[in-house]
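Below: one structure, written as structure tokens.
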């Protein structure tokens, strides 16, 4: 969020089992050192198992250093793929038939992302890469640069069904507690953090009552 014209970041870690926030912190940057410190302190007295995040590279080394499994949010992955395809369509001025063919090929990537097992996902990926001439360039690039190197991160949820495959639950929570019209009113770093903590405390209390009932 922007405070006095400058970008600031609200780190938040959510326990998906109990639908509650473990910790949150305002920060002026998204550097690996700050992310590592936040995660380490937030999980100091807890079992470190897995974290689901978007695709930002800054998360990867800190999570690996803490020896936690790292699940890439499949929703954010789909967003990135769609952006890549739209850019390709625009830059190459594809006609309607070509666009339809491109999105038909994208369904093969979807089959990888939503495969029931890593083995099946890898099999589909290998089939695409063994038949490159049959696919548009961005489909191959997505497979080679985004899917293949990080297949395990994309499919961690296949190894353990308790691992969240998206970070949507956390993001939806923040849309409710920190909507855009509220963000625009934030004038100070401390004020934004305090408001977030108070609102989340109310969220947790409400959620706890629902959980008990």
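Residue numbers (UniProt numbering): 1 to 213. Cβ atoms here follow ideal geometry from the backbone N, Cα and C, with glycine treated the same way. Model, not experiment: these values are computed from the prediction.
Neighbourhood of residue i by C-beta, 8 Å cutoff - its chain only, sequence neighbours within 5 removed
{"i": "residue 290", "result": "Nothing can be reported for residue 290: it is not among the residues displayed for the chain, which extend from 1 to 213."}
{"i": "residue 115", "result": "121, 124, 155, 158"}
{"i": "residue 15", "result": "21, 22"}
{"i": "residue 38", "result": "11, 13, 23, 25, 27"}
{"i": "residue 168", "result": "73, 75"}
{"i": "residue 150", "result": "72"}
{"i": "residue 58", "result": "30, 31, 32, 35"}
{"i": "residue 214", "result": "Examination of residue 214 is not possible in this model, given that the chain is present from 1 through 213 alone."}
Residue i in three-state terms, based on DSSP
{"i": "residue 43", "result": "coil"}
{"i": "residue 23", "result": "strand"}
{"i": "residue 103", "result": "helix"}
{"i": "residue 164", "result": "coil"}
{"i": "residue 6", "result": "strand"}
{"i": "residue 87", "result": "helix"}
{"i": "residue 120", "result": "helix"}
{"i": "residue 153", "result": "helix"}
{"i": "residue 66", "result": "coil"}
{"i": "residue 111", "result": "helix"}
{"i": "residue 222", "result": "Residue 222 falls outside the range modelled here, since the chain spans only 1 to 213, and no answer is possible."}
{"i": "residue 133", "result": "helix"}
{"i": "residue 48", "result": "coil"}
Counterpart residues of residue i in DSSP-defined beta bridges
{"i": "residue 72", "result": "53"}
{"i": "residue 14", "result": "21"}
Rounded C-alpha distance that separates residue i from residue j
{"i": "residue 235", "j": "residue 73", "result": "As shown, the chain starts at 1 and ends at 213. That puts residue 235 outside it, with no answer to give."}
{"i": "residue 41", "j": "residue 22", "result": "10 Å"}
{"i": "residue 94", "j": "residue 100", "result": "10 Å"}
{"i": "residue 106", "j": "residue 45", "result": "43 Å"}
{"i": "residue 66", "j": "residue 48", "result": "8 Å"}
{"i": "residue 17", "j": "residue 69", "result": "16 Å"}
{"i": "residue 34", "j": "residue 92", "result": "40 Å"}
{"i": "residue 63", "j": "residue 164", "result": "15 Å"}
{"i": "residue 136", "j": "residue 170", "result": "35 Å"}
{"i": "residue 80", "j": "residue 141", "result": "12 Å"}
{"i": "residue 6", "j": "residue 173", "result": "24 Å"}
{"i": "residue 109", "j": "residue 143", "result": "8 Å"}
Same chain only: Cβ atoms within 6 Å of residue i, ignoring 5 sequence neighbours per side
{"i": "residue 166", "result": "73, 74, 75"}
{"i": "residue 88", "result": "138"}
{"i": "residue 117", "result": "158"}
Spatial neighbours of residue i in its chain, beta-carbon cut-off 7 Å, leaving aside the 5 residues before and after
{"i": "residue 77", "result": "55, 113, 154"}
{"i": "residue 61", "result": "32"}
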